[in-house]
Amino acid sequence: MTGQAAAAPAAAPIFDTDELVINMGPQHPSTHGVLRLVLRLDGERVVDADVVIGYIHRGIEKLSENRDWTQIILLTDRMDYVAAATNNLGYCETVEKLMEIEVPRRARYVRTVLAELQRMASHCLWLGTHAMDIGAMTVLLYAFRERELVLDLFEDYCGARLTYNSMRIGGLPLDIPTGWDAKVRAFCDIMEAKIPEYEELLTNNRIWLERTRGIGVISADDAVGLGLCGPPLRGSGVYRDVRKDEPYAAYDEFEFDVPLGTRGDTYDRYLIRLEEFRQSIRIIRQALDGLPEGPVMGKVPRLIKPKAGETYHAIESPKGELGYFIVSDGRATNPYRFRVRPPSFCNLQGLRPLIVGHLVADVVALIGTIDIVLGEVDR
Amino acid sequence: MVEAIVFYTLAVLILGLGVAVITTPKTVHSVVFLVLNFLCVAVLYIVLRAEFLAVIQVLVYAGGIVVLYLFVVMLVNLKQAPEAHEDPRRLARLGLVLSGAVLLELAGIVVYSFGRVTPASAPAAPGPLTGMGNTEELGWLLYTDYLIPFEVASVLLLVAMVGAIVLARRQS
Amino acid sequence: MLDTIVIPLLKIAVLLNAVLVSVTFMVLLERKVIAWAQSRLGPMRVGPYGVLQAIADPIKLMIKEDIRPVRADPMLFTLAPILSLVPALVVFAVVPFGGDELFYVTDINVGLLFIISVTSIGVYGIILAGWASNSKYPLLASLRASAQLISYEIAVTMTLVSVILTAGTLSMVGIVEAQQQSGLWFAFVQPVAFVLVFIGGLAETNRAPFDLPEAEQELTGGFHTEYSGMRFALFFLAEYANIIVISAVVAILFWGGWLRPFPNVEALAFLDLIPGWIWFFGKMFVFLYIFIWIRATLPRYRYDQLMRLGWKVLIPIAIGNIVVTGVVKVLL
Numbered sequence: 017m018t019g020q021a022a023a024a025p026a027a028a029p030i031f032d033t034d035e036l037v038i039n040m041g042p043q044h045p046s047t048h049g050v051l052r053l054v055l056r057l058d059g060e061r062v063v064d065a066d067v068v069i070g071y072i073h074r075g076i077e078k079l080s081e082n083r084d085w086t087q088i089i090l091l092t093d094r095m096d097y098v099a100a101a102t103n104n105l106g107y108c109e110t111v112e113k114l115m116e117i118e119v120p121r122r123a124r125y126v127r128t129v130l131a132e133l134q135r136m137a138s139h140c141l142w143l144g145t146h147a148m149d150i151g152a153m154t155v156l157l158y159a160f161r162e163r164e165l166v167l168d169l170f171e172d173y174c175g176a177r178l179t180y181n182s183m184r185i186g187g188l189p190l191d192i193p194t195g196w197d198a199k200v201r202a203f204c205d206i207m208e209a210k211i212p213e214y215e216e217l218l219t220n221n222r223i224w225l226e227r228t229r230g231i232g233v234i235s236a237d238d239a240v241g242l243g244l245c246g247p248p249l250r251g252s253g254v255y256r257d258v259r260k261d262e263p264y265a266a267y268d269e270f271e272f273d274v275p276l277g278t279r280g281d282t283y284d285r286y287l288i289r290l291e292e293f294r295q296s297i298r299i300i301r302q303a304l305d306g307l308p309e310g311p312v313m314g315k316v317p318r319l320i321k322p323k324a325g326e327t328y329h330a331i332e333s334p335k336g337e338l339g340y341f342i343v344s345d346g347r348a349t350n351p352y353r354f355r356v357r358p359p360s361f362c363n364l365q366g367l368r369p370l371i372v373g374h375l376v377a378d379v380v381a382l383i384g385t386i387d388i389v390l391g392e393v394d395r
Numbered sequence: 019m020v021e022a023i024v025f026y027t028l029a030v031l032i033l034g035l036g037v038a039v040i041t042t043p044k045t046v047h048s049v050v051f052l053v054l055n056f057l058c059v060a061v062l063y064i065v066l067r068a069e070f071l072a073v074i075q076v077l078v079y080a081g082g083i084v085v086l087y088l089f090v091v092m093l094v095n096l097k098q099a100p101e102a103h104e105d106p107r108r109l110a111r112l113g114l115v116l117s118g119a120v121l122l123e124l125a126g127i128v129v130y131s132f133g134r135v136t137p138a139s140a141p142a143a144p145g146p147l148t149g150m151g152n153t154e155e156l157g158w159l160l161y162t163d164y165l166i167p168f169e170v171a172s173v174l175l176l177v178a179m180v181g182a183i184v185l186a187r188r189q190s
Numbered sequence: 017m018l019d020t021i022v023i024p025l026l027k028i029a030v031l032l033n034a035v036l037v038s039v040t041f042m043v044l045l046e047r048k049v050i051a052w053a054q055s056r057l058g059p060m061r062v063g064p065y066g067v068l069q070a071i072a073d074p075i076k077l078m079i080k081e082d083i084r085p086v087r088a089d090p091m092l093f094t095l096a097p098i099l100s101l102v103p104a105l106v107v108f109a110v111v112p113f114g115g116d117e118l119f120y121v122t123d124i125n126v127g128l129l130f131i132i133s134v135t136s137i138g139v140y141g142i143i144l145a146g147w148a149s150n151s152k153y154p155l156l157a158s159l160r161a162s163a164q165l166i167s168y169e170i171a172v173t174m175t176l177v178s179v180i181l182t183a184g185t186l187s188m189v190g191i192v193e194a195q196q197q198s199g200l201w202f203a204f205v206q207p208v209a210f211v212l213v214f215i216g217g218l219a220e221t222n223r224a225p226f227d228l229p230e231a232e233q234e235l236t237g238g239f240h241t242e243y244s245g246m247r248f249a250l251f252f253l254a255e256y257a258n259i260i261v262i263s264a265v266v267a268i269l270f271w272g273g274w275l276r277p278f279p280n281v282e283a284l285a286f287l288d289l290i291p292g293w294i295w296f297f298g299k300m301f302v303f304l305y306i307f308i309w310i311r312a313t314l315p316r317y318r319y320d321q322l323m324r325l326g327w328k329v330l331i332p333i334a335i336g337n338i339v340v341t342g343v344v345k346v347l348l
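Residue numbers (my numbering), protein chains in the order written: chain A, 17 to 395; chain B, 19 to 190; chain C, 17 to 348.
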C-alpha cells in the first residue's frame with residue numbers, strides 16, 4: 017500500500033481510500049496452475065482485473081510445424097494434460113479429415129469410450145479443485161479417488177497415466193486388452209454410486225448454495241459474445257455441444273442428453289458438469305454394449321503426407337470446443353501451419369467480466385467454474 | 019508492602035506506556051502501547067479487588083475499542099504528516115491551560131484527602147450489600163442509587179449508535 | 017506459603033504442559049479424523065499408526081529456519097504470535113476440570129467474563145501479524161479477522177448473558193454447581209444459547225466454515241503467510257488451544273462440566289464411579305471431534321455472508337434469547 021503513496025497526486029487528501037492492487041498468481045494455490053491475475057481491490061471487492069497468461073508457454077503450435085505428423089500426437093498430450101486422450105482424438109480426427117481416411121468402426125467406438133472416460137477424469141479434477149477452492153476439502157479427495165480409477169483404466173489400456181499418446185492417425189495403436197471392457201463397466205457402476213456422494217456434500221448444502229448461486233452470472237447473449245464454449249456456455253442455456261451438432265467419433269450412434277442451465281451462474285455450471293458425469297456413463301455403456309468386432313486401424317499410408325489443403329475440425333473436450341486448424345502444403349512431412357482453438361483459452365476471455373464486481377473469495381470460485389488448464393491456455 | 023510494590027511498578031509502567039503512546043512515531047505502535055497501558059490499568063483494578071471492573075476494562079477497552087482504533091489506523095493509511103500550522107504552538111497554550119487545570123484539581127484532591135484522615139473506615143460498602151461479590155454490588159448500585167445516570171448513559175450510547183449509522187448511510 | 021504460591025505454581029506448570037501437549041495431539045487427531053473422513057490413512061510413518069507425529073511436528077517447526085521479511089516491522093512481527101498464544105493459555109487458569117479444588121487453578125467470581133475478555137485480546141495477534149508482515153494478503157486477512165472476531169464476540173457474549181441469567185453466577189465452578197442444583201444440563205434449558213455459542217465459537221477460533229482469515233485458497237494462508245518456524249508454530253498452538261478452550265467452555269456451560277448425566281437421578285448413581293474429570297474430558301472430546309467433523313464437511317462462507325450471519329441472525333437471536341430468559345426467570 018505504501019508503494020502507491022508516491023504516485024498519488026500532491027493535492028490528494030490526507031485520508032483517502034486506496035485501491036489495493038494484488039497479484040494473484042502465478043504462484044497461488046487457487047489459480048489452477050500459473051494463471052496470474054492482477055486484481056484491483058476496493059476493500060474486498062474487485063474493481064478491475066487483468067488476466068495475465070503465458071507462464072507455461074512451450075510453443076507447442078510452432079513446435080508441431082517442425083515435427084512429422086505422428087510425432088505431433090505426443091505434443092497434443094501436453095496441452096490439456098488432464099484430458100490428454102481428448103486432445104489426441106481431436107488431432108487425429110483432423111488429420112484423418114485432411115487425408116480422408118476411413119477409421120474402422122471399432123476404433124471409433126473405443127475412441128468414444130476413451131474420450132468419455134477422459135471427460136469424467138477431467139470433471140473429477142474440476143469438481144475436486146472447485147470444491148476445494150470454496151473450502152470443501154473432502155470432495156477433492158473423493159473426486160480424486162474416482163479419477164484414480166480412470167487413470168488405472170488408461171494405464172491398462174496404454175501403459176500411461178497422464179500423457180497417454182493413446183491414438184494414432186487412422187485408428188488406435190492397440191486393441192483393448194482382454195477384460196478391459198468389463199473393468200470399464202465396473203468403473204461405471206462405481207462412478208454412478210459415487211456421484212450422489214458428491215451431491216450429498218454439495219448440491220443442497222446451504223453454504224455451497226450461497227457461495228455459488230447467483231455468483232458469476234453470465235447471460236446467454238454475453239456468453240455467445242465472449243465466445244465461451246462447453247459447460248460455461250451451456251450453463252447460460254445456449255444449446256451447443258459439438259458431439260450433437262457436428263458428431264464425430266461414434267457419437268451419432270448413441271443417445272445422450274445435453275444438460276442446459278437456466279440462470280447461467282456458478283451453481284448451474286456445477287450441476288451441468290455433474291449431469292455430464294451421468295451422461296458419460298450412459299454413453300460408455302451404450303458403446304460397450306454395441307462394441308463392434310474388427311480392426312482398430314484403418315488403411316493409412318506408411319508415410320503420412322496429406323495433400324495440400326487446410327481443414328478445421330472441432331470436438332467437444334471436457335472443457336469445451338477444442339478445434340484444430342491445420343494447413344498442409346502437400347510436400348513436407350510436417351504441417352505447414354498448426355493452430356489450436358483451445359477451449360480453456362476462449363473461456364478465459366470470460367473471466368474478467370465474470371469477476372469484476374465480485375469479492376475476492378468469489379474470484380477463486382469463478383476461476384474454478386470456468387475450468388481452465390493453463391497448459392492448454394498457453395500451449 | 020507487596021501491594022505497594024505492585025502499585026508503584028504498575029504506576030511507572032502506566033505512565034511510561036502513556037508517554038510511549040504519544041511519542042512513538044508509528045501510529046500502530048502507539049496503539050499497541052495503548053493496549054498494554056489498558057492492560058496495566060486492569061491489573062491495577064485487580065489489586066484494588068475490583069475484578070469485575072478489571073475484566074470489563076480489558077473486554078471493552080483493550081478487546082473492543084482499541085481493536086477499532088487499530089482497524090482505522092491500518093485502513094486509513096496515513097500518507098503524509100498533517101501540514102504544519104503557521105503557528106506551531108497554537109495548541110500549546112490550550113494544552114498548558116488544560117494541564118494546569120488538571121494539576122490544580124489533583125492537588126485539590128490530595129489536599130482534601132489529607133485534610134480528612136479516615137483511618138479505619140476504608141470498606142465503604144453500605145450495610146445491606148456486604149457479603150456480595152463486587153459484581154453484584156455494582157449491579158445493585160447501578161439499578162438502585164444510580165438508575166437515572168445509568169439510563170441516561172444508555173440513551174446517550176443509543177444516540178451515538180444511531181448517529182454513526184446515519185453518517186455511514188449518507189456516504190453510500 | 018505452600019498454599020498460596022507453591023501449589024498454584026505447580027498446578028500452572030502441570031496445566032500449561034498438559035495443554036501444550038494436548039494441542040499437539042489435537043493436531044494429530046485432526047489429521048487422522050479428516051483423513052478417515054476422506055478415505056485416507058493420515059500420518060502413518062512416525063511411530064505406530066503415526067502416533068509420534070504429534071512430537072515430530074513440533075520438533076520440525078522448532079528447527080526450521082525463522083524467516084522475517086526485510087520490510088516487516090520487527091517488534092510487532094515478533095509480538096504478534098506471542099499475543100495470540102498467551103491469551104489462549106491464560107484462559108485455562110479459570111477452567112475447572114473437575115469439582116474438586118485440585119482440578120482448577122483458581123475460581124474467580126467473574127470467571128466467565130474473564131474468559132471472554134482474555135480471549136478478546138487474542139485478536140491483536142492476528143491483526144498485528146497481518147499488519148506487521150507488510151504484505152498484502154496477510155493485511156487483507158487481518159482485516160477480515162478483526163471484523164469477524166469483533167462481530168462474533170458480540171454474539172457470543174450476548175448469548176452468554178442468558179446463561180449467566182440462568183445460572184445466577186459468573187464463576188465457572190458456580191455455573192456447574194447451578195446445573196447440579198437444577199438437575200438439568202443447561203443445554204436442555206438453553207438449547208438456543210448452546211447452538212449460538214458453538215457457532216460463535218467456530219467463528220471466533222477461525223475454524224471452518226468460518227476460516228476466512230486463513231483461507232488458503234483465497235489468501236494463501238492468510239495472516240500467517242509470512243511466518244515460518246516457531247513463530248508460525250505459536251499461531252498454530254494458539255488456534256488449537258482456542259479450540260480446546262471453546263470445547264471446554266461449551267462442556268462446562270451447557271453440558272454440566274464434570275457432572276454425570278442427570279446428576280440428581282439416584283438410579284444413575286453408579287455413573288459416579290467414573291470420576292468427574294473423565295466425564296469432563298469425554299464431553300470436551302466430543303466437541304473437539306465435532307469441530308474437526310465440521311471442517312471435513314462444509315465449504316467456507318464468504319466474508320459478507322459471514323458478517324450477515326453474525327449481525328443479522330446470531331445477534332438478534334441472542335438478544336431475543338436474553339429477553340425470553342429474563343421473562344421466564346422473573347415469572348418463575
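Where a beta carbon is used, it is the ideal one built from N, C-alpha and C, also for glycine.
Note that the coordinates shown come from a computational prediction; the quantities given were computed from them, not determined experimentally.
Whether residue 111 of chain C touches residue 264 of chain C by CB criterion (7 Å) = yes
ask   = Can you name, in chain order, every residue of its own chain whose Cβ lies under 8 Å from the Cβ of residue 32 of chain B, other than the five neighbours on each side?
value = 55, 58, 59, 62
ask   = When you check each C-beta in the segment 305-332 of chain C against every C-beta of chain A, which residues fall closer than 8 Å?
value = 311, 312, 313, 314, 315, 316, 317, 318, 319, 320, 321
ask   = Where does residue 395 of chain A sit, in a helix, a strand or coil, going by DSSP?
value = coil
message = Can you pull out the residues from the segment 75-103 of chain C whose beta carbon lies closer than 8 Å to at least one beta carbon of chain B?
response = 89, 91, 92, 95
inquiry  = Within 8 Å, do at least three Cβ pairs link the segment 73-91 of chain C to the segment 237-244 of chain C?
reply    = yes
query = What residue does the alpha helix (DSSP H) around residue 146 of chain A start on, and which one ends it?
reply = 121-149
ask   = Quick one: what's got a C-beta closer than 7 Å to residue 147 of chain B's C-beta in the same chain, skipping five residues either side?
value = The predicted position of residue 147 of chain B is uncertain, since its pLDDT is 43 and thus under 50; a value taken from the coordinates is nonetheless stated next. Around residue 147 of chain B: 155, 158.
inquiry  = Our contact map puts residue 106 of chain A next to residue 314 of chain A with C-beta atoms below 8 Å; I'd like the distance itself, whole angstroms only.
reply    = 17 Å between Cβ atoms; not a contact.
task = Return the CA-CA distance between residue 161 of chain A and residue 69 of chain A, expressed in angstroms with no decimal places.
result = 31 Å
ask   = Over what stretch of residues does the alpha helix (DSSP H) that includes residue 167 of chain C continue unbroken?
value = 152-183
task = Return the chain-ordered ranges of every alpha helix (DSSP H) run that is complete within the segment 259-343 of chain C and spans a minimum of 4 residues.
result = 292-313, 319-324
query = What three-state label does DSSP hand residue 68 of chain B in the structure shown?
reply = coil
message = Buried or exposed for residue 177 of chain B, going by 16 or more other Cβ atoms inside 10 Å?
response = exposed
task = Output the boundary residues of the beta strand (DSSP E) element that contains residue 378 of chain A.
result = That residue, residue 378 of chain A, is in no beta strand (DSSP E); its alpha helix (DSSP H) goes 376-386.
message = Could you check whether residue 141 of chain C and residue 209 of chain C sit closer than 7 Å to each other, using their CB atoms as the reference points?
response = no
key: Residues, ordered as in the chain, of the segment 210-240 of chain A that lie near chain C by beta-carbon distance below 8 Å   = 217, 218, 221, 223, 224, 226, 227
ask   = Excluding the five sequence neighbours on either side, which residues of its own chain have a C-beta within less than 8 Å of the C-beta of residue 195 of chain C, listed in chain order?
value = 183, 201, 202, 272, 273, 275, 279
inquiry  = Distance cutoff 7 Å, beta carbons only. Does residue 152 of chain C sit that close to anything in chain A?
reply    = yes
task = Kindly indicate the opening and closing residues of the alpha helix (DSSP H) around residue 361 of chain A.
result = 359-364
ask   = Listing by chain order, which chain B residues have their CB less than 7 Å from the CB of residue 186 of chain C?
value = 153
query = In the structure shown, what three-state DSSP assignment does residue 333 of chain A receive?
reply = strand
request  = Would you list, in chain order, the members of the segment 83-94 of chain B that have their beta-carbon closer than 8 Å to a beta-carbon of chain C?
outcome  = 85, 86, 88, 89, 92, 93
message = Mapping the DSSP letters down to three states, classify residue 38 of chain A as helix, strand or coil.
response = strand
task = Please name the residues in the segment 112-130 of chain C whose beta-carbon is closer than 7 Å to at least one beta-carbon of chain B, in chain order.
result = 124, 125, 126, 129, 130
Within chain B, partners of residue 140 of chain C - CB distance below 7 Å = 53
key: Within-7 Å CB hit, residue 114 of chain A to chain C   = no
Option nearest residue 155 of chain A by Cα separation, candidates C:348, C:339, C:316 = C:316
ask   = Do we get a CB-CB distance below 7 Å when we pair residue 294 of chain C with the residues of chain B?
value = no
ask   = Residues in its own chain within less than 7 Å of residue 128 of chain A by CB, not counting five upstream and five downstream?
value = 265, 266, 267, 299, 303
inquiry  = For a quick check, are the C-beta atoms of residue 53 of chain A and residue 65 of chain A less than 7 Å apart?
reply    = yes
ask   = Given residue 330 of chain C, which residues of its chain have a CB within under 7 Å of its CB, disregarding the five upstream and five downstream residues?
value = 171, 212, 215, 216
ask   = Is the segment 352-366 of chain A in contact with the segment 245-262 of chain A, if contact means three or more CB pairs nearer than 8 Å?
value = yes
query = Which residue spans inside the segment 135-223 of chain A form an unbroken beta strand (DSSP E) run of at least 3?
reply = none
Interface residues of the segment 35-49 of chain A facing chain C [CB-CB below 7 Å] = 36, 38, 44, 45, 46
request  = Would you please verify whether the beta carbon of residue 59 of chain C is less than 7 Å from any beta carbon of chain A?
outcome  = no
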